[in-house]
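Peer 1: Quick one: the structure is below, questions incoming.
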Ligand code: NDP
């Protein structure tokens, strides 16, 4: 069977704030971008309810609605949005190749990777059922909704420490559930957590169940040394046990850290391969906000545009050829 091969100036992989923002900028610069959404159309925001910290929405907005707005804005300037997944790439170059699960093959002068990351979860049935009803994987996004009430956070890395500190400014009491007798977070962050009077650390403690029918009413935990079970009476339960960047298909081509985050050149979205840029959570393990992802999406599109101008890449794009 013949495969449809398409030559494009700019291929964008991913449909979160980074991907759509890159698309808005790239389409307004006449790069005629083609954006592949991936399986989770809209990215992590699609599983979020209210977003109140994205500028421009004074009354807040639902995550899925916001991503719909981003998509429409990108399409308004000519971005072609394809509801398929890029499964494989070949960055031997100079033209970069990508294979989609709809059977198409893209030959792209520039590629913007915006595949994001996925939060890790404990895997409890109650956690899944109460997600967005008091269970969240982002304290900065959702902590505000629980201000004035006691909350719990599970995890012991830098993210958990940072988020526990953030929550301690909103909640009278923050229960931090740590599965071992030490924390993985940097010493300075551990010290800050330990010095904060309204954070109580529960060492050697495992989460057994998030309690509540329609909203979180508490968390049942077990001390693995004493074998004593306790219920922490909280309204919010935050999971901060790490993220996994969605970068597996790029691992043969791009430099990554030990967790799979793609490494960029300083102050840039450039990767080690000419014409390949990365934006959003696929390269950011520190900030992970919609607005920062959008910012790096903008940077990636501007850098792609500059790269094309410098390399005088041939015109006449989006012409399809049947091989
Ligand atoms: P990490 O992988 O560093 O930490 C994950 C934490 O979650 C560990 O303490 C781990 O416990 C715990 N954990 C994992 N699975 C479970 C489970 N099933 N039940 C209970 N606890 C569990 O992830 P982070 O997101 O914290 O950090 C990722 C990277 O980003 C790190 O390199 C970090 O330093 C960096 N970072 C830097 C920041 C900054 O510079 N400001 C801010 C945030 C992150 P255990 O220790 O027992 O394995």
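In our numbering, the protein residues as written are 15 to 337. For glycine and all other residues, C-beta sits at the position ideal for the given N, C-alpha and C.
Answer yes or no: the CB of residue 136 versus the heavy atoms of the ligand NDP, is any distance below 7 Å?
Peer 2: Yes, since a heavy atom of the ligand NDP falls inside the 7 Å radius drawn around the Cβ of residue 136.
Peer 1: On a Cα-Cα basis, can you pick out the residue from 185, 26 and 218 that is closest to residue 154?
Peer 2: The option with the nearest alpha carbon to residue 154 is 185.
Peer 1: Measure the beta-carbon distance from residue 283 to residue 317 and round it to whole angstroms, keeping in mind my assumption that it falls under 8 Å.
Peer 2: Indeed they touch by this definition, with Cβ atoms about 6 Å apart.
Peer 1: For residue 100 and residue 77, which I take to be in contact (beta-carbon distance under 8 Å), what is that distance rounded to the nearest angstrom?
Peer 2: Contact doesn't hold; Cβ gap of about 23 Å is too wide.
Peer 1: Could you tell me the distance, in whole angstroms, from the CA atom of residue 109 to the CA atom of residue 177?
Peer 2: Looking at the two C-alpha atoms, the distance is approximately 42 Å.
Peer 1: Along the chain, where does the alpha helix (DSSP H) that runs through residue 86 open and close?
Peer 2: Run containing residue 86: 77-90, per the alpha helix (DSSP H) assignment.
Peer 1: Nearest CA to the CA of residue 319: which residue from 207, 130, 158 and 40?
Peer 2: Considering only alpha carbons, the answer is 40.
Peer 1: Looking at the unbroken beta strand (DSSP E) that takes in residue 244, where does it start and where does it end?
Peer 2: That run of the beta strand (DSSP E) goes 243-246.
Peer 1: Hey, is residue 172 close to the ligand NDP, as in C-beta under 7 Å from one of its heavy atoms?
Peer 2: Result yes, Cβ under 7 Å from the ligand NDP.
Peer 1: Give the DSSP-derived three-state secondary structure of residue 337 in the structure shown.
Peer 2: Confidence at residue 337 is low in this model, with a pLDDT of 34, below 50, so the placement of that residue is unreliable and no value is reported for it.
Peer 1: How many Å lie between residue 281 and residue 293 at the Cα?
Peer 2: Going by the C-alpha atoms only, they are around 12 Å apart.
Peer 1: Within the same chain, show all residues whose beta-carbon is closer than 8 Å to that of residue 276, passing over the 5 residues directly before and after it, in chain order.
Peer 2: Taken in chain order, the residues that qualify are 127, 259, 261, 264, 268, 269, 270, 285, 292, 296 and 297.
Peer 1: Is residue 325 close to the ligand NDP? I mean its beta-carbon at under 7 Å from any heavy atom of the ligand.
Peer 2: Checking every heavy atom of the ligand NDP against the Cβ of residue 325, none is found closer than 7 Å.
Peer 1: Could you give the DSSP three-state label for residue 18: helix, strand or coil?
Peer 2: In this structure, residue 18 counts as strand in the three-state DSSP scheme.
Peer 1: Can you have a look at residue 79 and say buried or exposed, based on whether 16 or more other CB atoms are within 10 angstroms of its CB?
Peer 2: Residue 79 is exposed by the Cβ-count criterion.
Peer 1: Please find out if some non-hydrogen atom of the ligand NDP comes closer than 7 Å to the beta-carbon of residue 190.
Peer 2: It does not: the Cβ of residue 190 is nowhere closer than 7 Å to a heavy atom of the ligand NDP.
Peer 1: Which two residues bound the contiguous beta strand (DSSP E) that contains residue 191?
Peer 2: Here the beta strand (DSSP E) through residue 191 covers 188-191.
Peer 1: Rounded to the nearest angstrom, what separates residue 188 and residue 63 at their Cα positions?
Peer 2: Computed Cα separation, rounded: 22 Å.
Peer 1: Between which two residues does the alpha helix (DSSP H) containing residue 202 stretch?
Peer 2: Looking at the DSSP string, the run of the alpha helix (DSSP H) that includes residue 202 is 201-209.
Peer 1: Give the C-beta separation of residue 125 and residue 25 to the nearest angstrom, bearing in mind that I take them to be a contact with Cβ-Cβ under 8 Å.
Peer 2: Confirmed, Cβ separation roughly 5 Å.
Peer 1: How long is the line joining the alpha carbons of residue 211 and residue 306, rounded to whole angstroms?
Peer 2: If you take the alpha carbons of residue 211 and residue 306, they lie about 31 Å apart.
Peer 1: From residue 90 to residue 44, what distance separates their C-alpha atoms?
Peer 2: Straight-line Cα distance between these residues: approximately 13 Å.
Peer 1: What residue does the beta strand (DSSP E) around residue 104 start on, and which one ends it?
Peer 2: Residues 100-104.
Peer 1: Output the distance between the C-alpha atoms of residue 192 and residue 220, rounded to the nearest integer angstrom.
Peer 2: Taking the straight line joining both Cα atoms gives about 7 Å.
Peer 1: Fully enclosed by the segment 27-52, which beta strand (DSSP E) runs are 3 residues long or longer?
Peer 2: Listed in chain order, they are 48-50.
Peer 1: Using C-beta distances below 6 Å, list every residue in its chain close to residue 245, excluding the 5 sequence neighbours before and after it, in chain order.
Peer 2: Once the five neighbours on either side are set aside, the close Cβ partners of residue 245 are 232 and 234.
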